[in-house]
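Protein chains: 2
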Amino acid sequence: VGTPSRLLENSCQFFSDGRRKVDYVLVFYQRKQISVRGGDRLHRLSRSAGDGEVCVDLAVEVELEADPAEGEMVLIREEFEARLLEAGLEMERDTEVRVYGPSFTRLHVPWQVLSREAEFLKIKVPTKKVRPPPLYSRVCVKVNQPFQPNIPQLGHSTTKQLSHCFSRDKLHLYGAFYKYQPVDLIRKYFGEKIGLYFAWLGVYTQLLIPASMVGIIVFCYGCYTVDMDVPSLEMCDKQQNFTMCPLCDGVCDYWHLSTACGTARASHLFDNPATVFFAIFMSLWVATFLEHWKRRQISLNHSWDLTGLEEEEVNTITYHTPHLFWSILVSNGNLHVLVLLMDRLPGYLINISSILFMFGLTFSAVFGVIVYRIVVSALMAMSPDPETKSNVRVTVTATAVIINLVVILILDEIYGAVAVWLTELEIPRTESNFEQHLILKAFLLKFMNAYAPIFYVAFFKGRFAGRPGDYVYVFNDYRMEECAPGGCLIELCIQLSIIMVGKQLIQNNVFEIGIPKLKKLIRAWKGKGISLEEREEQRARPPQQWNLDYTLVPFEGLTPEYMEMIIQFGFVSLFVASFPLAPLFALLNNVIEIRLDAKKFVTELRRPDAVQAKDIGIWYNILSGMGKFSVIINAFVISFTSDFIPRLVYQYMYSQTGTMHGFIDHTLSHFNVSNFRPGNAPTSSYLSETTVCRYKDYREPPWSAEAYQFSKTYWAVLAARLAFVILFQNLVMFLSLLVAWVIPDVPKNISEQLKREKTLLVDVFLREEKEKFHLLQSLFSSKDLPSQGHPDTAHFRTLPLGLSQGLGQPPGGEGGESRVRCRAASFSQFTRQMSMSPSNNAGRQMSMSPSNDAARHTAV
Amino acid sequence: VGTPSRLLENSCQFFSDGRRKVDYVLVFYQRKQISVRGGDRLHRLSRSAGDGEVCVDLAVEVELEADPAEGEMVLIREEFEARLLEAGLEMERDTEVRVYGPSFTRLHVPWQVLSREAEFLKIKVPTKKVRPPPLYSRVCVKVNQPFQPNIPQLGHSTTKQLSHCFSRDKLHLYGAFYKYQPVDLIRKYFGEKIGLYFAWLGVYTQLLIPASMVGIIVFCYGCYTVDMDVPSLEMCDKQQNFTMCPLCDGVCDYWHLSTACGTARASHLFDNPATVFFAIFMSLWVATFLEHWKRRQISLNHSWDLTGLEEEEVNTITYHTPHLFWSILVSNGNLHVLVLLMDRLPGYLINISSILFMFGLTFSAVFGVIVYRIVVSALMAMSPDPETKSNVRVTVTATAVIINLVVILILDEIYGAVAVWLTELEIPRTESNFEQHLILKAFLLKFMNAYAPIFYVAFFKGRFAGRPGDYVYVFNDYRMEECAPGGCLIELCIQLSIIMVGKQLIQNNVFEIGIPKLKKLIRAWKGKGISLEEREEQRARPPQQWNLDYTLVPFEGLTPEYMEMIIQFGFVSLFVASFPLAPLFALLNNVIEIRLDAKKFVTELRRPDAVQAKDIGIWYNILSGMGKFSVIINAFVISFTSDFIPRLVYQYMYSQTGTMHGFIDHTLSHFNVSNFRPGNAPTSSYLSETTVCRYKDYREPPWSAEAYQFSKTYWAVLAARLAFVILFQNLVMFLSLLVAWVIPDVPKNISEQLKREKTLLVDVFLREEKEKFHLLQSLFSSKDLPSQGHPDTAHFRTLPLGLSQGLGQPPGGEGGESRVRCRAASFSQFTRQMSMSPSNNAGRQMSMSPSNDAARHTAV
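Chain order of the listed sequences is A and B. Mapping to this note's numbering: the first sequence position 322 is 454, numbers consecutive. Mapping to this note's numbering: the second sequence position 426 is 558, numbers consecutive.
What follows is the structure, given as structure tokens:
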């Protein structure tokens, strides 16, 4: 897929003078109704920015023809551009003034402005070369060599190339699936926030490797021991002829347990002691993952010089202009406080009720599928065709899961939109606040949506079915569904694997690739629709890079990317006790996902605004919350969904021999068929001599004084299950705390490097101090000043040491070490300051798309 | 208590020139064997420090007479002092050279050195005045007025006074018990670390007020409902004549349950539904407390200008010299790495085995007391005296608890010393590391020590006693003890209250007041013993402040103070479900504790080195860990120690009427006396017609097929208990997380102030930028320079803005705003740097006691 940028020379990255680089491109979309006359006034801004005076054609006089709002837009645009110039930016427009359609304004940010903004943001700059790495790390590098991406040289030359042509980048990102990601390059090109996303995805994927390996081992253990497992052997044993009670009223017959042999054996694959170990392992894995990511984050913060950033981010208050609804309300300064007080309460109320409504929607969807299952199985059971009858369970389960999956996918998209709408109603005060609220809401909704059917199968299915002679009915006619004879775990496993794999496949293919392609097509089609003569014009002169970039899809934030991964993380952590292969599927998905995301970011989207970020924000809290939640969920899955505890109880409390022999008999209660309610007994049976049928529950036998009441065994098993939950939860929580405590947050090499740097700094200070002292002494001795006045004024010079070494370098020195860049962060800080003023509507129409090609690494 | 400092004029705070203040006093204790001749060399150090050249008598020539080590000390001292001078400090000694005994060296830290160190430590200085507080906070101030300590003015004048006379301080600290603490003054005088301790203690004590109020209400609810409680009414009902099985073998008779009426009623005071509410309340209280403290800490950090401190502290590596054992090992630089590798492993091994041994010791002490109780009650039961017999339980419980208390107090002191010894063996790398390891170990040991007997009563007592006919015996003869008929909760309550109150009373009175007094007496007595003629000499001239301060006890860190409070916090949080009055007792103790601590710090101890600290360090982790632990402990106390769950189960599962009537009968199992083992039945009984006696347990009756096995009710109750634990734990954990999430870490006024400051800073920068631009323009226009060369060199001047405004002030300006002080932190940084050199043994003999009177607020 040859992208358009390949066709271009580098010249397009510069202003017409060929010297100043294009750092940003503004797009103003002009509708047809307005005629614009250009060039009435000329703003002459003289800037000492490297090449004398710059004349910029700026003024636009507007005749209001049809729509006064449109005209206002043009005025606002003018003011916006004037403020940009005032802030020191330089501007270039196309010489011909187009009457309508998109018009592009290129911005150049001169060195002076860059360094001033760098000061404000306290961007750190390196003051010295990196020391050679110690021996062991050099060995590590050797070992890792084959997995490193084939970047010519990770030194200056690469950095330089990067700033010139952007298609080179793509090559690295594709690289090969087994190679590390070029995270540093991603950060340089896309900014810290996106860099952190890819780094996080990398760490997550990397750590999935051991998890999926252990998962495979656990699965293999299940396969290996399936022939030695006494309970499943007993179930398959045709000599132990357990006559089971019928699965539906009237039409269903008694049946032999040995016919469920297959599901029993399949269950053992996932329901064996190794699973308990795996659940503990995975809970600790989550703790390790979180700690590992913390370390990686700190390493990245160090190598990206972000260590001092935190406070800056927290304290900037900005008004979130892109969201039209309330930005209009807020634009009037006086109204603001009123808006806050009056408009928040209904917003919150709508929020809560909407979220509750969405929860209700999710639950009804789940319940709908349950009803579907119940009704369809009842109908199929009544069918005279024997083949239909025998396939009831398979057909119903498969179709129901697919319906579930489709519902999940549809609701997922709806909930994403609803979350944005609800967050806008809330009028959050800062951009980061907005993002946080949005993420929390979207997460809550999508989490419920994805997991509700799974929770149902894990913890509720079959628990409200009643017992023979006292079944529970829905709609008066249909018996509540029960689990398969092999236990609910195998159904949980099927449900999980289909939803997980299906969701990922469909979302990756359809939503992440298909829909952006479609959008692009629509955009292109729209563009064609407007004018025919323009296309002629386009064919005449080669399209500029910004024209091509304009056709790309705008970047809409990282939230969907993270969300997808977090929901996947839930599959990997929450129900891992029932599906040890989940990490493997996640791993396979992610290896593809990283490449797809990279491709999307590089070729499908407009280059996003680079945003400085120190961490992954609220996602970390969500991850850690899910880690905590997964402990209790896994505890319940093991103790209530699986047969692990009943087996243990049988073996150590009831078994005569201390082995598992007799377990199946022990778990089946007796039912006297004469106790069936009228019409519930099988109408025709080939086992007509049956007087007692069995069912899976711990209840008193018919001949007991408390017939069909829960037996003592029931309560003992329940107590054991609950005790296991307490034990598991507290043990795992303690171990997780221990893991978090043992793994230090700051990697050793980083903390040592910080120490070294600090010592060095102290040394420099002390030396300077000494020199100053000598200087003073020699001054005093030569000039013989009478008073020692202010001996400490000399301190001033020592202070700016850290910054001045970096900032003091001449601008544009391409071989220099200084890494001050005009990051988008500094730019958006600008626009923020300006949007505080009354003209903050300007940003709405003037969508600001940074030019993909225009490199911002002016100093590199 | 008139302290000596009151007698002094201010002159003693200055060098003999009356201008330079005494900032530190070094003490060198000279033994008799060495004769010292002074004044052979004269180091002339010229410093531009305010008053021309300063001649300091420094050199000491040593004749080695008896002990070469002693002589070496003197040489080391000389080098140490030389390095102090080299670092820019000024020194003064007594003119007469004393032959032996303590000799004092006064240090003055000139302004130049202060500001250099302030730079290193990045101490923040205020650049502008505080804005007037908003209206609502002024109202708050008004309301709080009566609780503010009577400090003349919290402005400059107070600060000035503080730096002159230190007895004034004491007045504030006493104040009155209902007044707030003058935390800012404490911090100014003692440094941040001690200031934070008092602030923490204040927050804790303040939050104990609501907790104890709710506790009193819960207790009152128990008192109020005791006459309505059906179970205790049933127990006291003499008509329901439950004949209970004997409490000991042979000599004990059957007894009627109604005789245990008293304990049943007492139990209800603590064992009622309100306790469950209180346990949940207290768990949330812990979460609130932690969050509240976080906020307070951030407020203090802000008002004490510590916000940027963190990284500095973490990265300073120092060798912990005061601990003689390994400081000798480390002193030889080359040995160091070897020491680390070779000496750590055995250290760790000794550590682990010692801690295990101490645990064993604690457990044996607990077990010893149990055996004491069992044996004594058996012996007393056998006694022929009926009065002895009737008082068995009271006597045994009371004496046993007192023995427990004494053992706890003794082991507490031992464990404190052991923890120090073990930490020294570990050779931790940094001072903060040392402190952390020490605290963790001491906490572990002291926690086990204080709580082991309580844990025993709460969870183990009476659970291993067996049942009639199958009792459990220790030493073959003595039956394991059971709980009182009213349940174990009342015993737990007694145990808790006696240990808690007793421990606090004794530790406050004996250890915190008595022992320091004793130490002082011993020191004074020792001083007297040395020479008689010297006392004459002392009488002749008035003692200097440093002489008086030298007689005070050295400061030994905050660890014991924190430890005491943390253990108390355990009483308040861990077992609060069994003793709702614990917060009240803690509150009463703390109100006294704060005053006692303040008095101790001001009058009994030498003024401690001021240490900068941003937070309370590992104590916070311990507190939060205890908070988490308390949730599970309270869950277990409610569900297993109290009768809450059995009552609920009876009411909703077994009661015919839905009321509690018949509960006592339900909890008592039947025992056929013919099943007693030979010799176990009462030898003589006034209830000779008894065939069935009752005992408290859920077991099958003698006429059942599974006689004396656990009944179905037992398992049902057990399941309910366990389910309650899970429910309680997860509910409370979730609520705590919610509390932590809802309460923002940064108080709103602080975050807003930070925002304002930032805006201000940006404004200043922008203004400066503009001015510079105009300046440049005018320069270019006037001089007409040909090249624009380096337009950004002008940036230099804007950089040091924040620091220079504070540091640029002339030294010693008493009315100035700058608050740069020679904090002990900066001083110890000094000594640390010097102790890196081979002469780091110097610190050992030359105990550095900062002079209590010598103020370090040179700039205030």
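Where is the CB? At the ideal position from N, CA and C, for every residue including glycine.
task: With a cut-off of 8 Å on the beta carbons, I'd call residue 388(B) and residue 373(B) a contact; round off their distance for me.
output: 6 Å
Chain A residues whose Cβ lies nearer than 9 Å to that of residue 764(B): 858 and 862
- prompt: By how many angstroms is the C-alpha of residue 864(A) removed from the C-alpha of residue 877(A)?
  reply: 20 Å
- prompt: Which of the three DSSP states, helix, strand or coil, is assigned to residue 517(B)?
  reply: coil
- prompt: Going straight from the alpha carbon of residue 172(B) to that of residue 156(B), what length do you get?
  reply: The predicted position of residue 172(B) is uncertain, since its pLDDT is 39 and thus under 50; a value taken from the coordinates is nonetheless stated next. Whole-angstrom Cα-Cα distance: 25 Å.
- prompt: Looking at the structure shown, is residue 625(A) part of a helix, part of a strand, or coil, going by DSSP?
  reply: helix
- prompt: What does residue 214(B) touch in chain A if you count any residue whose Cβ is under 8 Å from its own?
  reply: Those do not exist, as residue 214(B) stays about 16 Å from chain A at its closest Cβ, beyond 8 Å.
message: Please state whether the Cβ-Cβ distance between residue 622(A) and residue 533(A) is less than 9 Å.
response: no
message: Within the continuous beta strand (DSSP E) that includes residue 225(B), where are the two ends?
response: 222-225
message: Using the three-state DSSP reduction, which class does residue 707(B) fall into: helix, strand or coil?
response: coil
- prompt: Should residue 530(B) go down as buried or exposed, given a rule of 16 or more other Cβ atoms within 10 Å for buried?
  reply: exposed
- prompt: Do the CB positions of residue 238(B) and residue 158(B) come within less than 9 Å of each other?
  reply: yes
query: Once you ignore the five residues that flank residue 822(A) on each side, which residues in its own chain have a CB closer than 8 Å to its CB?
result: 375, 386 and 805
- prompt: Using a C-beta to C-beta distance shorter than 8 Å, which residues of chain A count as neighbours of residue 901(B)?
  reply: 248
- request: Check whether the stretch 569-585 of chain B touches the stretch 340-357 of chain B, counting contact only when three or more Cβ pairs, one atom from each stretch, lie closer than 8 Å.
  value: no
query: residue 388(A) bridges to which residues according to DSSP?
result: 375(A)
- request: Kindly indicate which three-state DSSP category residue 804(A) falls into: helix, strand or coil?
  value: strand
- prompt: Interface residues of chain E around residue 855(A) at Cβ under 7 Å?
  reply: Absent here is chain E; the protein component of the structure consists of chains A and B.
message: Within 8 Å, do at least three Cβ pairs link the stretch 892-901 of chain B to the stretch 888-908 of chain A?
response: no
- request: Could you give the DSSP three-state label for residue 782(A): helix, strand or coil?
  value: helix
field: For residue 796(B), the nearest candidate out of 737(B), 383(B), 829(B) and 338(B) (CA to CA)
entry: 829(B)
field: Cross-chain neighbours of residue 850(B) in chain A, by beta carbon under 7 Å
entry: 851
- prompt: According to the Cβ coordinates, are residue 367(B) and residue 390(B) closer than 9 Å?
  reply: yes
- request: Spell out whether any CB of chain B is found under 9 Å from the CB atom of residue 195(A).
  value: Per-residue confidence for residue 195(A) stands at a pLDDT of 42, beneath the threshold of 50, marking its modelled position as unreliable; the derived number appears in the next sentence. Chain B contact via Cβ: absent.
message: By the DSSP assignment, the beta strand (DSSP E) with residue 578(A) in it spans what residues?
response: Per DSSP, residue 578(A) belongs to no beta strand (DSSP E); it is in the alpha helix (DSSP H), 563-587.
- request: Run down chain B in chain order and give the residues with a C-beta less than 9 Å from the C-beta of residue 387(A).
  value: In chain order: nothing, as chain B lies at least about 31 Å away.
Below-9 Å beta-carbon distance, residue 843(A) vs any chain B residue: yes
field: the stretch 545-559 of chain B touching the stretch 478-486 of chain B, judged by at least three CB pairs closer than 8 Å
entry: yes
- prompt: When DSSP labels each residue in this structure, what does residue 602(A) get in the three-state scheme?
  reply: strand
task: Go through the stretch 804-866 of chain B residue by residue and report every complete run of the beta strand (DSSP E) that reaches 3 residues or more, in order.
output: 824-828
- prompt: In this structure, does DSSP put residue 509(B) in helix, strand or coil?
  reply: helix
task: Closer than 7 Å by beta-carbon distance: list the chain B residues that pair up with residue 847(A), in chain order.
output: 844, 847, 848 and 851
task: Closer than 7 Å by C-beta to residue 260(B): which residues in its own chain qualify, once you throw out the five before and the five after it? Chain order, please.
output: Since pLDDT at residue 260(B) reaches only 42, below the 50 mark, its modelled position is unreliable, and no value is offered.
field: Residue closest to residue 516(B), alpha-carbon to alpha-carbon, out of 493(B), 383(B) and 526(B)
entry: 383(B)
- prompt: When the Cα atoms are used, what is the spatial distance from residue 160(B) to residue 223(B)?
  reply: 14 Å
field: Exposure of residue 632(B), with buried meaning 16 or more beta-carbon neighbours within 10 Å
entry: buried
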